[in-house]
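Protein chains: 2
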Amino acid sequence: MKFNDKLRAAWSFSNSLLCVGLDPDPVKLPAQLRGSSRAIFEFNKAIIDATHDLVCAYKPQIAYFAAQSAEDQLLMTIEYLKAQYPHIPVILDAKRGDIGSTADQYALEAFARYQADAVTVNPYLGGDSITPFTRYADKGVVILCRTSNAGAQDLQDMQIDGKPLFLHLASKVSNEWNSNRNCLLVVGATWPEQMRQVREVVGDMPLLVPGVGAQGGDVQALVKAGKTAEGTGLIISSSRAVLYAGSGDDFAQAARRVAMASRDEINLYR
Amino acid sequence: MKFNDKLRAAWSFSNSLLCVGLDPDPVKLPAQLRGSSRAIFEFNKAIIDATHDLVCAYKPQIAYFAAQSAEDQLLMTIEYLKAQYPHIPVILDAKRGDIGSTADQYALEAFARYQADAVTVNPYLGGDSITPFTRYADKGVVILCRTSNAGAQDLQDMQIDGKPLFLHLASKVSNEWNSNRNCLLVVGATWPEQMRQVREVVGDMPLLVPGVGAQGGDVQALVKAGKTAEGTGLIISSSRAVLYAGSGDDFAQAARRVAMASRDEINLYR
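Line by line, the protein sequences give chains A and B.
Here the first sequence is numbered in the numbering used here, starting from 344 and rising by one per residue.
Here the second sequence is numbered in the numbering used here, starting from 344 and rising by one per residue.
And the structure:
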């Protein structure tokens with residue numbers, strides 16, 4: 344099944360554009376899990392079980408696993424998702440970017456080793472660094488476009504012929520790099536005006552939107568700026584605000600409450 | 344010890360600007376190693392033992408390990424280098440790029456987990472995505488500037504106020520991001536003219552130069568364009584041409600011959 348079809352089905356099935364980012368920070372895990380040798384997996388499993396009906400995707404962030412030598416628990420998390428909730432797309436947030444045979448290895452990491460449905464990638468090295476990913480026609484390739492941080496302005500806003508770089512990139516992806524129709528773009532929730540401009544360029548291409556919750560993106564503004572005519576087109580990702588809503592025995596229920604409130608707030612403006 | 348001091352000492356000690364890239368591709372490993380459960384480590388060890396006196400650095404490429412679930416063998420390789428050849432800098436080629444707490448995790452991966460002396464990073468997310476790495480003042484942070492592939496032109500050559508993006512980036516790194524004096528830049532060996540322009544902007548900042556050997560960079564042109572007044576300033580990386588010089592029992596000796604020829608050719612033009 345093609346990634347965008349799986350995503351569309353998930354939007355519809357859960358009536359949700361919310362994605363929960365799995366960023367398991369060891370210093371923030373609930374106390375009762377900390378002794379376990381697979382605390383990260385147990386944490387992710389509890390969050391997933393408490394939120395699966397509220398989301399259109401999960402987005403594990405590989406850096407949190409790599410820093411803890413916990414690649415095995417990343418794999419266990421994705422295997423658990425595939426076994427229990429096979430209809431929910433898994434986006435591996437890795438922001439990989441390299442060329443030639445090295446990019447081939449990164450594509451193997453994401454799609455063969457971890458069986459992710461999609462992976463985030465960095466466009467700085469150009470179109471031939473993206474092809475090793477997009478040639479997996481059933482997988483989604485989520486290309487950084489306009490990120491949510493303040494420093495995004497340093498390169499992404501550079502003006503070229505009166506237009507910022509990130510809009511040139513959006514056109515390039517839409518017109519040149521997307522021949523397998525499996526590209527998506529990252530546009531940070533903190534920049535609704537930039538999101539509106541990207542949406543204008545890319546038609547109904549899905550956008551991954553980090554930066555709501557802890558990073559403070561305005562939900563109403565971003566949904567209005569980014570949604571498609573059908574009221575979808577967005578994968579709105581929240582990580583810390585959901586994961587660390589509570590730190591006691593009821594952390595998973597606290598996460599559920601925040602995820603439900605986020606989903607409902609997003610749906611108000613679709 | 345600061346990375347640049349370690350690098351300067353290694354240039355001098357080995358009288359070499361050559362770096363060997365450790366890209367252990369399982370389908371190219373010599374037949375006699377393929378049965379071993381730690382074939383990747385054994386291969387790297389043999390290459391390192393055969394070339395250590397000819398190089399100024401080693402550059403393991405993490406994608407090759409990640410695709411094989413072989414993070415343990417990457418760690419063993421770096422631990423072996425630190426134990427046997429502690430004077431040789433280890434540059435982890437990972438091209439990481441992310442923001443805030445996620446970038447912190449990637450810095451932990453490179454510097455705490457793997458004990459790399461330097462790591463390659465991607466500048467697309469801007470200055471605040473680089474700070475989590477540069478604040479490790481003793482470590483080197485090697486920022487992609489002008490890469491060796493054809494697609495490098497897509498974004499890196501975009502003209503802004505009459506100057507390509509990669510030169511704007513080089514200025515920004517030199518003048519703003521390098522307050523700890525631990526930044527380096529990647530400039531592909533296939534573009535001597537671009538290397539000359541970057542060298543003009545960044546003074547004596549060291550440049551990591553992939554693309555000689557298999558990718559066909561012209562050694563004479565790149566050394567002349569990129570060297571500093573002292574005849575150093577370059578870390579010229581060759582991977583496949585050295586690693587896979589031979590495939591029989593004498594693969595390590597074949598690698599040594601190619602590495603020696605590369606070192607000597609580079610030294611002709613310093």
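Note that the Cβ used here is the ideal one computed from N, Cα and C, for glycine as well.
Fair warning: this is a prediction, and the values are worked out from it, not measured in the lab.
Nearest in C-alpha terms to Ala-450(B), of all of Ala-406(A), Val-530(A) and Lys-425(A), is Ala-406(A).
Where Gly-483(A) is concerned, the enclosing beta strand (DSSP E) starts and stops at 483-489. Three or more beta-carbon pairs separated by less than 8 Å are not found between the segment 372-389 of chain A and the segment 422-442 of chain B, which leaves the two stretches without contact.
For Asp-368(B), a Cβ of chain A is located within less than 9 Å of the residue's own Cβ. With three or more CB-CB distances shorter than 8 Å, the segment 472-487 of chain B counts as touching the segment 440-449 of chain B. Residues of the segment 400-412 of chain B with a Cβ closer than 7 Å to any Cβ of chain A, in chain order: Gln-404, Ala-406, Tyr-407, Ala-409, Ala-410 and Ser-412. In this chain, the beta strand (DSSP E) harbouring Pro-403(B) covers 400-403.
Nearest to Asp-392(A) by C-alpha distance, out of Ile-503(A), Val-363(A), Asp-561(A) and Trp-520(A), is Val-363(A). Taking all protein chains shown into account, Glu-543(A) has fewer than 16 neighbouring C-beta atoms within 10 Å of its C-beta and is therefore exposed. CA-CA distance, Ala-409(B) to Arg-456(B), rounds to 14 Å.
Using a Cβ distance threshold of 9 Å, Val-541(A) and Leu-528(A) count as a contacting pair. What Ile-431(B) touches in chain A, judged by beta-carbon distance under 9 Å, is nothing: the nearest beta carbon there is about 22 Å away. Pairwise C-beta distances place the segment 528-539 of chain B in contact with the segment 487-499 of chain B, as three or more of them are shorter than 8 Å. Listed in chain order, the beta strand (DSSP E) runs fully inside the segment 522-563 of chain A are 526-530 and 550-553, counting runs of at least 3 residues.
Here DSSP, grouped into helix, strand and coil, assigns Lys-349(B) to helix. The beta-bridge partner set that DSSP reports for Arg-439(A) consists of Val-464(A). For Ile-503(A), the C-beta contacts it makes with chain B under 9 Å involve Met-501, Gln-502, Ile-503 and Leu-508, in order along the chain. Per DSSP, the continuous beta strand (DSSP E) segment holding Ile-578(B) begins and ends at 577-581.
A residue is called buried once 16 or more other Cβ atoms fall within 10 Å of its Cβ, and Glu-452(B) is buried on that count. At a cut-off of 9 Å between beta-carbon atoms, Ser-472(B) makes contact with chain A.
Under the DSSP assignment, Leu-510(A) falls in the alpha helix (DSSP H) whose first and last residues are 508-515. When rounded, the separation of the alpha-carbon atoms in Asp-348(B) and Val-484(B) is 14 Å. By the neighbour-count criterion, in which 16 or more other beta carbons inside 10 Å mark a residue as buried, Ser-357(B) falls on the buried side. In this structure, the alpha-carbon of Gln-411(B) lies about 15 Å from that of Met-419(B). According to DSSP, Val-566(B) shares a beta bridge with no other residue.
Taking 7 Å as the upper bound on Cβ-Cβ separation, chain A lies near no residue of the segment 581-593 of chain B. Shortest Cα-Cα distance from Ala-598(B) to any of Ser-582(B), Leu-611(B) and Ala-426(B) involves Ser-582(B). Only residues of its own chain outside the window of five on either side were considered, and among them Ala-382, Glu-385 and Phe-386 have a CB closer than 6 Å to the CB of Leu-376(A), listed in chain order.
Any Cβ of chain B closer than 9 Å to the Cβ of Ala-455(A) would place that residue at the interface, and such an atom is present. Rounded to the nearest angstrom, the gap between the Cα atoms of Leu-361(B) and Ser-580(A) is 44 Å. Contact note: Gln-375(B) does not reach chain A at a C-beta cutoff of 7 Å; the least C-beta distance is about 23 Å. Assignment of Leu-360(B) by DSSP, reduced to helix, strand and coil, places it in the coil class.
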